[in-house]
Amino acid sequence: GKAASTPAKAYAKVGIEREYSTSTPCFANDKPKHYGKKEGAPCRNVRVPEEYGFKPGMLPGFENVAREHGLKTYKDVYRFSLEHNDLFWESCAKMLNWKEPFHTVQDCDLKKGKVGWFLGGKLNVSENCLDRHVAEDPNKIALLWEKDEPGTVQISYGQLLEWTCKMANTLKQARVQKGDCVCVYLPTSPMAVASMLACARIGAIHTVVFAGFSSESLRDRIQNCKAKVVITANEMIRGGKSIPLKQLVDDAVKDCPTVKTVFVEQRTKKEGRYAKHDVALTDALDAASAECAPEVLDSEDPLFVLYTSGSTGKPKGVLHTQAGYLLYAALTQKVVFNLKPGEVFGCLADIGWITGHSYVVYAPLANGITTVLFESTPNYPSPSRYWSTVERLKINHLYISPTALRSLLRHGKSHVKNHDLSSLRTLGLVGEPVNHEAWEWYYDVIGQRRCPVVDTWWQTETGGISIAPLPGDSADPIYPGMAMRPFFGIEPVVKNSEAFADHGSDQAGVLYVARPWPGMLRGIYGDEERFVETYLSEKPGCYTTGDGCVETADGYFKITGRVDDVINVSGHRLGTAEVENAIDSHGKVAESAVVSFPHLVKGEGLAAFVVLTDDYEADEHLVKDLKGLIKHSIASYAIPEEIVIVPHLPKTRSGKIMRRLLKLIAQNKNEDFGDTSTLQDPDILKPIIDAWSKTT
Ligand code: PRX
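Structure, rendered in structure tokens:
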């Protein structure tokens, strides 16, 4: 019956009630749906608006094929994209400018970790992002730089090309060659974009390190990718606070013998000390030629390495290559946001994350539209910052994280009221599961029920959006907080504890992708084995996402969060092991365990349970010291909400920490321990619970 086609049943199976037990009543628009008997409340679903409804014309290169085969709807094209995968991607690849055509669409064997797309093809990514648009209109605005102090700088495609070429020549001067790594440690700014594109122009590999990471994190990344050059600024200002970037670079490169040159942009007036390998960036750019012929590169030459957290202590360098990545980022943006020429795309993420790489830089520029570089924070100087930015820049598509949304929602509508948000067409979300309340606030208050909310699921590893409410056909529903439909060519499968589920079988389990796609990672930089081991061995032939999900009978997907030791704090990925390593490096700590608990704003908060060495009593400095250590070795966002000193950790007889129990304690669910028979000593829990209850 109809009830089976709603998500509630699948949720109920795995005991996920949270999503639907919200006290906020869901309400219906034109076609109410009932999400299960338990709440009985009619729940809203919105339609895909007519103008967004999928039409094959949204895939320019594919339009003729669609006509020939009589493909009209999302379902038609989706099925075709799987059945005729090569033809689908071959046609779509026409949206890029090729220097030489490819002879083989794909050569992949996921069992062996082999991923190759558009083989034999040659192109240059920076040329695709710049030159071809400059040829049409050099004055078209490429970047709207919204600086930390509210105010915007406009940069045209012509100017950006000039800066990119100057930067490329500057890198060449510093003996950077094709295949070398360049580390970019800059705030979201035109200089950062020019640096990334300059690398792409000469075939160097960029590694952007989020300019909120500590010097130790920076050092580890530089060492791992053996960067020859670092591009940074004297300092940066974010949310009104200064971060001494150059000083952090100095600390990091002390232990990085591969670094021969550090380029320093004078971002503020503050003077700094200069070492022998430091070069003032503006001087170097002034002296450089504004012309640089784009290097002709293979489809599978590396484009960038971006470090991200996994379940081990060290972040891994996710490798993306040229053609497949660019095509996938550009195409997904075009379709999911129903992009039109001349639009302003406001992805307000930092360029240090994959969202910034794909949807601040590469996709918008490949698509030739105007992209926003947002250097500030959602709450600076006030919680109306996003909305005043939307108004001033006339942003058409807003793309933000649920955490940002939740932090603004708390301040109420008053910050939104006085702003003209009529330019908005699409409201995007990315990075973590979104709760109903935030989703509805976005839809009602920000979008005035005009704009579809697209909750997009993807990962650093997937290169671009993989599951999203659009492209759907008009008259298709969008459920609050559901990522809904796979993008073309993406084949998600759900595995529950017994077997792979049949499609549309109303299942909850772990999410895999059953075939390669052009935007997927090509490996872990410098560690081929770890690639197969981490992503491709659990179910040979399938890519392991590490996420849990629900698939409804209608084939819609809801992502429920990580199933491994990765935690999502404020939309940032963090490994519990990373935080534990930092804590354990304190001389007085014997061992520690970090778990997450639901947090109203951040999505997940961290709780650290710490055991001290025998001869040490906790004093008031200890927790402060531990926080400092974590900030120093990772970043501020990794600092736990609660650090609790406990006499011991709960372990099994074989010595394994029972994190499940710590998670329950951190949620104050002391009644729900379930089976504790494997616990070494059942009395061990009481002092841990006592210690926890004192903190909360
Ligand atoms: O758990 C999923 C969550 O973010 C993880 C990927 O993090 P990262 O590589 O940093 O990339 C974030 C931006 C693409 C995923 O494994 N995630 C991302 N988007 C969603 C999500 N969880 C739920 N819903 C989403 N829309």
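According to full-length UniProt numbering, numbering within the sequence shown proceeds without interruption in unit steps and concludes at 718. We put the beta carbon where it would ideally sit given N, CA and C, even for glycine.
Return the residue from the list the options that minimises the CA-CA distance to residue i.
i: CYS314; options: LEU622, SER148, GLN344, SER614; result: SER148
i: ARG432; options: GLU459, GLY494, VAL394; result: GLU459
i: TYR100; options: LEU118, ALA115, PRO78; result: PRO78
i: LEU325; options: LEU341, GLY335, SER331; result: LEU341
i: LEU166; options: LYS416, LEU596, ARG472, GLY625; result: LYS416
i: TRP463; options: ILE706, THR425, TRP479, ASP641; result: THR425
i: SER436; options: LEU707, THR126, SER406, LEU427; result: SER406
i: TYR534; options: PRO562, THR330, GLU550; result: PRO562
i: ALA388; options: VAL412, ASN246, LEU145, LEU303; result: LEU145
i: GLN195; options: LYS94, LEU208, LYS116, ALA309; result: ALA309
i: ASP576; options: GLN529, ASP549, PHE553, ARG552; result: GLN529
i: LEU183; options: MET542, ASN161, LYS200, TRP139; result: ASN161
i: LEU348; options: VAL327, THR334, SER321, VAL252; result: SER321
i: ILE224; options: PRO709, ASP323, GLU257; result: ASP323
i: PRO209; options: ALA222, VAL231, LEU193, PHE695; result: VAL231
i: PHE285; options: LEU303, ILE512, ILE546; result: LEU303
Can you check whether the CB of residue j is closer than 8 Å to the CB of residue i?
i: LEU634; j: VAL666; result: no
i: ALA249; j: CYS205; result: yes
i: SER655; j: SER236; result: yes
i: VAL645; j: LEU628; result: no
i: ALA505; j: ARG69; result: no
i: VAL632; j: ILE605; result: yes
i: LEU132; j: PRO508; result: no
i: SER618; j: GLU626; result: yes
i: VAL572; j: THR582; result: yes
i: PHE359; j: GLY503; result: no
i: PHE140; j: ALA345; result: yes
i: SER331; j: GLU600; result: yes
i: ILE163; j: THR392; result: yes
i: TYR329; j: ALA351; result: no
i: SER445; j: ASN418; result: yes
i: ASN401; j: SER429; result: yes
i: VAL327; j: ILE227; result: yes
i: LEU683; j: PHE695; result: yes
Starting from residue i, trace the alpha helix (DSSP H) both ways and give me its first and last residue.
i: ALA274; result: 267-275
i: LEU558; result: Run containing LEU558: none; DSSP gives neither H nor E here.
i: THR484; result: That residue, THR484, is in no alpha helix (DSSP H); it is neither H nor E in DSSP.
i: GLU158; result: 154-158
i: LYS716; result: 707-717
i: GLU184; result: 179-195
i: THR698; result: Element bounds for THR698: n/a, residue is neither H nor E.
i: GLU313; result: Unbroken run through GLU313: none, as it is neither H nor E.
i: ILE224; result: 212-224
i: ARG260; result: Where ARG260 is concerned, there is no enclosing alpha helix (DSSP H), although the beta strand (DSSP E) it sits in stretches over 258-260.
What residues match up with residue i in a beta bridge as DSSP calls it?
i: ILE652; result: Answer is none; ILE652 lacks a bridge partner.
i: SER614; result: VAL632
i: GLY627; result: PHE619
i: VAL572; result: ALA530, LYS580
i: LEU81; result: Partner(s): none; LEU81 has no beta bridge.
i: PRO499; result: ARG69
i: ALA302; result: VAL286
i: ALA657; result: PHE235
i: GLU168; result: THR174, PHE396
i: residue 12; result: Summary: the structure shown does not reach residue 12, with the chain confined to residues 23 through 718, and so no result is reported for it.
i: ILE687; result: Its beta-bridge partners do not exist; DSSP assigns none.
i: CYS369; result: TYR421
i: TYR329; result: GLY339
i: ARG428; result: According to DSSP, ARG428 bridges with nothing at all.
i: LEU141; result: THR126
i: VAL450; result: Correcting the residue identity first, residue 450 is Gly in this sequence and not Val. BP columns for GLY450 point to TYR421, VAL476.
Note the first and the last residue of the continuous beta strand (DSSP E) segment covering residue i.
i: GLN128; result: 126-128
i: GLY339; result: 338-343
i: THR229; result: 227-230
i: GLY597; result: 594-597
i: GLU105; result: Where GLU105 is concerned, there is no enclosing beta strand (DSSP E), although the alpha helix (DSSP H) it sits in stretches over 96-105.
i: MET542; result: Segment: none, MET542 is in no beta strand (DSSP E) and carries neither H nor E.
i: PRO514; result: 514-517
Can you give the beta carbon distance from residue i to residue j, rounded, assuming they're within the 8 Å contact cut?
i: ALA220; j: MET189; result: 4 Å
i: VAL301; j: THR280; result: Actually they do not touch by this definition, with Cβ atoms about 17 Å apart.
i: ASP170; j: GLY83; result: With 8 Å as the limit, ASP170 and GLY83 do not qualify as a contact, their Cβ atoms being about 40 Å apart.
i: ARG241; j: ASP202; result: Between ASP202 and ARG241 the Cβ distance is about 18 Å, and since that is not below 8 Å, they are no contact.
i: ASN119; j: ASN86; result: Actually they do not touch by this definition, with Cβ atoms about 19 Å apart.
Looking at the C-beta of residue i, does it have a partner C-beta in chain B at a distance below 8 Å?
i: PRO704; result: No chain B appears in the structure shown, which is made up of a single protein chain.
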